[in-house]
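The opening position of the sequence shown corresponds to residue 1 in the numbering used here, with each subsequent residue numbered one higher.
Every residue, glycine too, gets a C-beta built ideally from N, C-alpha and C.
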Amino acid sequence: MERQRKNTKKYSFRQPDLKELRNLTSYVLDPLGFTARFGKLLPLLTTQLLPTLEEYPYLVGIPILDQLPFNGLESIPTSREIAGMLHIDESLVGAHMTTKGGIQGLPSEFLIAQATMYGKAMSEDAFEAIFVLIIYELVLFPNIDKFVDVNTIRIFSTLNPVPTLLGDAYFSLHMRNAKGGGAIVCCLPLLYKWFISHLPQTVAFKENKGCLRWSTRLMSLTNDDISWYNCVYDGV
1 MERQRKNTKK YSFRQPDLKE LRNLTSYVLD PLGFTARFGK LLPLLTTQLL
51 PTLEEYPYLV GIPILDQLPF NGLESIPTSR EIAGMLHIDE SLVGAHMTTK
101 GGIQGLPSEF LIAQATMYGK AMSEDAFEAI FVLIIYELVL FPNIDKFVDV
151 NTIRIFSTLN PVPTLLGDAY FSLHMRNAKG GGAIVCCLPL LYKWFISHLP
201 QTVAFKENKG CLRWSTRLMS LTNDDISWYN CVYDGV
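Following this line, the structure appears as structure tokens:
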């Protein structure tokens, strides 16, 4: 009798190089104030079911603003507008603005250098603006390697990223599932935090003393083992 083959799909995840971005965290002078202004972005830099609009704001620490989310129809910001957002000289922005993958943007190396300069000068407003934009591109909305595109800049200008984060996750998961596997491109640390939040919180499951593979651990779970909803989301 022929053995039935398992209908499984293989997925991979884009993992951007965050080494230089992590180095910039040393210039964050007030971590608590930074979190209050921009949400729980810093923990996403160290983070090794279907997400909901209530869960994502809680996990990332950024409220959903009462305004239209990013839809791609917004006007492309000018060099002057970008310079104003980032506290960078307009001529510098214009000189480094380039096109990559058919979309305009700025090289991340340029922005990291600017953030480092302002961080060393303890210019908090300028440093934080550039630093957060880099996090938006490399962590929240990974697209083109080492490149901060204008779509991310437009999302950053509104400081209302949660609806787009959730949409990115759904879209990428759906596309990869439809194609039978492939690279999932979305905010991986946030998706991981969401996934882990629904798993058993027992010491035995967390420690995994038997060093079991994730597939084995997950296949052993029952409906009662899953944390389907947390009351902390009621106030979101």
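Next item on the list: For TRP228, count neighbouring Cβ atoms within 10 angstroms of its own Cβ and tell me buried if that reaches 16, exposed if not.
Entry: exposed
Next item on the list: Going by DSSP, name the residue or residues bridged to PHE147.
Entry: PRO107
Note to self: So, with DSSP's three-state summary, where would you put LYS40?
What the structure shows: coil
Check: For LYS19, is the classification buried or exposed, using 16 other Cβ atoms within 10 angstroms of its Cβ as the cut-off for buried?
Finding: exposed
Note to self: Here's a check: name, in chain order, each residue in its chain whose Cβ is nearer than 7 Å to the Cβ of PHE110, leaving out the five neighbours to either side.
What the structure shows: HIS96
Check: What residues match up with LYS100 in a beta bridge as DSSP calls it?
Finding: ILE103
Notebook entry, point to check: Helix, strand or coil: how does DSSP classify SER123 here?
Noted result: coil
Note to self: Rounded to whole angstroms, what is the Cα-Cα separation between TYR136 and PHE156?
What the structure shows: 7 Å
Notebook entry, point to check: Would you report the Cα separation of THR98 and GLN104, rounded to the nearest angstrom?
Noted result: 6 Å
Check: Grouping DSSP H, G and I as helix and E and B as strand, with all else coil, what is GLY61?
Finding: coil
Notebook entry, point to check: Since ILE112 contacts ILE134 with CB under 8 Å, what's their CB separation in whole angstroms?
Noted result: 6 Å
Note to self: In whole angstroms, give me the CA-to-CA distance for TYR118 and PRO16.
What the structure shows: 24 Å
Note to self: Please classify GLY39 as buried or exposed, where buried requires at least 16 neighbouring CB atoms within 10 angstroms.
What the structure shows: buried
Checklist line | For ASP225 and ALA129, the rounded distance between their alpha carbons | finding: 42 Å
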